[in-house]
Amino acid sequence: MMKQVYQFRYQTPLQGAVEVEYFGWSEVRDRSYRWNGNERKERSVVFQYTTAGSGVLDSGDGHSYVLSAGKGFFAEFPGNHLYYFDPKASNCWEFVWLQLSGDPVFPLWKKLMSQFGPITELSQESLIIRKLLHMYARIGEEGAFNRYALSAFAYDWMMTALAAGRQDGAVPDSCQLERVFAYIDLHYAQPLTLKELADQAELTPNYFCQLFHERVGLTPIAYLQKRRVEEAVRLLRHTKLSVSKIAAQTGFDSSSYFGKVFRKHLNCSPQHYRAEMHSAYWGQVVLLP
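Residue numbers 445 to 733, in the working numbering, belong to the letters of the sequence shown in order.
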């Protein structure tokens, strides 16, 4: 993925909503990269996750933490913290970061900071980071979403992080579910069953279905359908394949069933979506649970 920073500015505030201000993948090599939370005047929050190299976080409790790959932090502005790049410790600091604002974000962020502590260690395969990188990639592929879709993503992502932090920052069953996500990504075009997905998690179908719905907000089969429709949208936008071929390539038994599911998610037929996708209304599509 290309590394860049997306900045979102809105003409009028959206009352009662979470707003995405910045979403970026950055690489710094200059000691001038230095942010003092007490000097920040804007009221906002940030999550920053290291993908390569390292940086340093001096927290308000007097401790200094090295932010090597796989480590991240939640912070609030203004706030008693300092984070910076130290060229003596690393030749670069590469990180993904998300900055949010809006009244609803602050009580949720305080819970996140309380649950995860000054820094947190997360695999790139964790659900929290998977969702973050997936949305970053989607923005890069499709351009900036409208503010409502961005707000929905930010809120959904915070809920995912809160769920992951409920038990000392770890979800015991996250590895099982991540195996399922990876399996669906590879095999969504095949006729998958609930039992087959449960087997990937090494759980009984009943418990797997309950756990999946609790963590994701969808049933496993509904998530599979959503994933298939997302891929179908990509093919409709970027290829000239017929609707019947797209249906077959995304795991649908027939064009008629594909059309029914597609209409359920997007309120129009695949043919209509393809015909109208270049208009302002159909410019960007994201499917969130």
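From the three backbone atoms N, C-alpha and C, an ideal C-beta is built for every residue, glycine too. Model, not experiment: these values are computed from the prediction.
- With contact defined as three or more Cβ pairs closer than 8 Å, the segment 629–640 and the segment 590–605 are not in contact.
- Judged by pairs of C-beta atoms under 8 Å, the segment 533–552 touches the segment 453–472, as three or more such pairs exist.
- Here the alpha carbons of alanine 626 and alanine 642 stand approximately 13 Å from one another.
- Leucine 511: member of the beta strand (DSSP E) spanning 508–512, first to last residue.
- Taking C-beta atoms as the reference points, phenylalanine 518 and methionine 557 count as a pair closer than 7 Å.
- A direct Cα-to-Cα measurement between tyrosine 454 and threonine 564 gives close to 31 Å.
- With a beta-carbon spacing of about 16 Å, arginine 478 and proline 522 fall beyond the 8 Å limit used to define contacts.
- Annotation for threonine 494: the continuous beta strand (DSSP E) segment containing it runs 488–502.
- Boundaries cannot be given for glycine 460, as no alpha helix (DSSP H) includes it and DSSP labels it neither H nor E.
- Taking every protein chain shown into account, the CB of valine 449 has fewer than 16 other CB atoms within 10 angstroms, so this residue is exposed.
- When the beta-carbon positions are compared, glycine 497 and tryptophan 537 come within less than 7 Å of each other.
- For glycine 523, there is no enclosing alpha helix (DSSP H), as DSSP marks it with neither H nor E.
- Lysine 532 is classed as exposed because its beta carbon has fewer than 16 other beta carbons within 10 Å across all chains shown.
- Taking leucine 668 as the centre and dropping the five residues before and after it, the same chain places the C-beta of Ile628, Tyr632, Leu636 closer than 7 Å to its C-beta, in chain order.
- Residue pairing of threonine 564 in beta bridges, as defined by DSSP: Gly516.
- Within the segment 605–681, the runs of alpha helix (DSSP H) at least 4 residues long that lie entirely inside it are, in chain order, 618–631, 638–645, 649–660.
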